[in-house]
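Read through the structure below, which is laid out as structure tokens, and then see the notes.
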Amino acid sequence: ARDAGLKLLREHALIAGEAVTGAKRIAVDDPATGEIIGHVPDFGVAETEQAIRAAVDAFPDWSRSDPHKRAAFLREWARLIDENTEGLGALMALENGKPFDEARGEVAYANGFIKWFAGEAERLLGETQDSPLGHVIVTFREAVGPCALITPWNFPAAMLTRKLGPAFAAGCTAVVKPASQTPFTAIALAELAYQAGLPKGALSVITGDAATIGGVLTASPEIRKLSFTGSTPVGRKLAEQCAPTLKRVSMELGGAAPLIVFADADLDLAVAETIKGKFRNSGQTCVCPNRVYVEASVAETYAQKLAAEVAKIPVGAAFEAGVKVGPLIEDKAIAKVEEHLTKVQASGGKVLTGGKRHQLGGRFFQPTVTLGGDDKLFRDEETFGPLIPVFPFKTEAEVLEKANDSEFGLASYLFTRDLDRAFRIGRRIEAGMCGINTGLMSTAVAPFGGVKSSGYGKEGSTHGINEYVDIKALTLALK
Ligand code: ADP
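Reading the sequence shown from the start, the letters are residues 11 to 489 in the numbering used here.
If you want it as structure tokens, here you go:
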């Protein structure tokens with residue numbers, strides 16, 4: 011499988027569909043070993059400007075093209091992605107470190123966006139309305155313009171297709187800046203897009219220093235839209251940089267998701283779903299449960315069951331059979347997990363399982379469960395690693411207050427058999443998404459996005475395409 015991934019690895023960026031290399035390069039490593047798997051160009055201002063020019067030049071034809079043709083292109087791209095599932099999965103496993111099976115799952119998840127938005131291209135509906143001025147108003151949903159898309163390393167395929175699917179469906183062109191830790195998946199996907207018939211110029215993938223490339227993209231008056239997935243501090247900075255040119259902006263930022271378990275819940279289900287939610291991508295997702303609150307009467311039982319299951323999770327490198335948790339993306343990610351663990355222990359939390367760097371060494375950490383201590387840190391910061399801190403609570407009012415006492419509001423989770431309570435809390439929780447009796451909610455058909463410092467805008471679902479269109483109103487004076 012590894013070889014199938016290496017076959018798709020290209021050490022060049024793509025400007026307007028052309029492969030471009032440079033003398034200065036960035037090394038990309040395999041997080042499991044720290045071994046260099048390849049290099050990409052370290053591009054800057056000049057190449058970013060070329061990519062913008064290409065996106066601007068390609069925009070008129072692409073945005074005015076028949077949306078059914080764009081749908082056909084998206085379907086062909088999706089077909090090629092399906093055909094290359096093994097290779098793309100392996101490439102992601104190599105550069106991100108996630109288990110190969112999980113990486114293949116991400117390919118299917120990522121492709122779900124392209125398939126969904128192929129349909130949305132065919133449904134770019136407008137409205138008609140009688141006006142009190144005696145006119146008729148007709149609206150069209152038109153592409154916003156050339157887009158800048160900046161994506162993170164945790165889902166190298168899905169975070170890209172979730173933006174490119176609706177962008178292309180709407181008729182936008184794009185310049186993509188993938189994370190430097192995981193650029194190869196983005197380049198491979200872009201090559202497949204060109205194989206599927208994307209017009210030259212409609213897509214560029216620029217690798218290099220993030221602040222430089224981001225600076226040029228955000229400053230450009232011709233780039234009309236930025237969609238960013240990443241950390242809240244960088245998101246804030248980019249939003250600021252977009253203000254002078256008044257770009258449309260979508261921000262999918264950090265989270266600190268609460269997961270709440272009531273005493274009436276199916277505890278086995280809650281344990282299984284906590285594990286599914288938490289250990290996806292080895293704990294490195296913005297919707298991972300960051301803090302678990304359990305009603306005091308069942309807290310010990312839940313935590314012991316959870317610890318017993320977590321202790322069995324197979325840890326290892328991506329291509330080892332049966333592995334469920336891989337290495338973290340880089341050394342500083344391990345340091346952060348250690349810091350969070352030390353702090354929760356210092357405030358009275360007890361380690362029930364794990365608690366140390368893994369014997370595999372490098373960037374591997376033991377899947378860890380703690381019980382008790384102070385939850386404040388976990389309201390303020392996401393751990394982004396395989397640590398589940400469990401905190402007992404007494405009343406619904408208390409836990410709701412704790413859940414909401416956070417700067418962030420992306421995902422949340424709730425386990426209860428009481429339907430009234432599920433709706434009551436579901437409606438009052440300050441988060442863009444709430445999973446009820448489930449730890450996994452992400453699919454192309456679900457509206458994904460947060461509130462507060464988790465950002466704004468929706469990806470996926472029937473709302474996703476709205477981020478890439480402007481509404482044009484024609485008013486007709488019909489006699
Ligand atoms: P993470 O914690 O996921 O690495 P970042 O926000 O640092 O979050 O990174 C997400 C994406 O944003 C990556 O593609 C990264 O290269 C890019 N990025 C980081 N800093 C900047 C910046 N100053 N301007 C533009 N993009 C940036």
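Just so you know, even glycine gets a beta-carbon here, dropped at the ideal spot from N, CA and C.
The structure displayed is predicted, hence computed values, not measured ones.
The C-alpha of residue 302 is placed about 15 Å away from the C-alpha of residue 435. Not one heavy atom of the ligand ADP sits closer than 6 Å to the Cβ of residue 487. A check of alpha carbon separations from residue 467 across 238, 175 and 64 identifies 238 as the nearest. At a Cβ-Cβ threshold of 7 Å, residue 182 and residue 478 count as neighbours. Residue 443: member of the beta strand (DSSP E) spanning 443 to 446, first to last residue. Between the ligand ADP and the CB of residue 244, the shortest heavy atom gap is smaller than 6 Å.
In the DSSP assignment, residue 303 is bridged to 270 and 401. For residue 252, the uninterrupted alpha helix (DSSP H) run begins and ends at 242 to 252, by DSSP.
When the Cα atoms are used, residue 320 and residue 333 turn out to be separated by approximately 13 Å. With a 10 Å radius around the Cβ and a threshold of 16 neighbouring Cβ atoms, residue 373 comes out buried.
In the DSSP assignment, residue 150 falls within the beta strand (DSSP E) that extends over 146 to 153. Closest option to residue 314, judged by alpha-carbon separation, among 291, 487, 278 and 342: 278.
Around the beta carbon of residue 433, fewer than 16 other beta carbons sit within 10 angstroms, so the residue counts as exposed.
Judged by DSSP secondary structure, residue 48 falls within the beta strand (DSSP E) whose first and last residues are 46 to 51. DSSP, reduced to helix, strand and coil, places residue 196 within a helical segment of the structure shown. In the DSSP annotation of this structure, the continuous segment of the beta strand (DSSP E) that includes residue 261 starts and ends at 258 to 262. Rounded to whole angstroms, the separation of the alpha carbons of residue 381 and residue 360 is 5 Å. The shortest CA-to-CA distance from residue 452 to any of 429, 356 and 122 is the one to 122.
Per DSSP, reduced to three states, the secondary structure at residue 419 is strand.
Under the DSSP definition of a beta bridge, residue 35 partners with 51.
One thing to note: residue 24 has its Cβ no nearer than 7 Å to the Cβ of residue 194. Residue 29 sits in a strand when the DSSP states are folded into three classes. The secondary-structure analysis by DSSP pairs residue 480 across a beta bridge with 152. For residue 240, the Cβ falls inside the 6 Å cut-off from some heavy atom of the ligand ADP.
Pairwise C-beta distances place the stretch 412 to 419 in contact with the stretch 264 to 271, as three or more of them are shorter than 8 Å. A residue is called buried once 16 or more other Cβ atoms fall within 10 Å of its Cβ, and residue 481, having fewer, is exposed. Apart from the 5 residues on each side of it in sequence, residue 241 sits with its Cβ closer than 6 Å to the Cβ of 264 in its chain, given in chain order.
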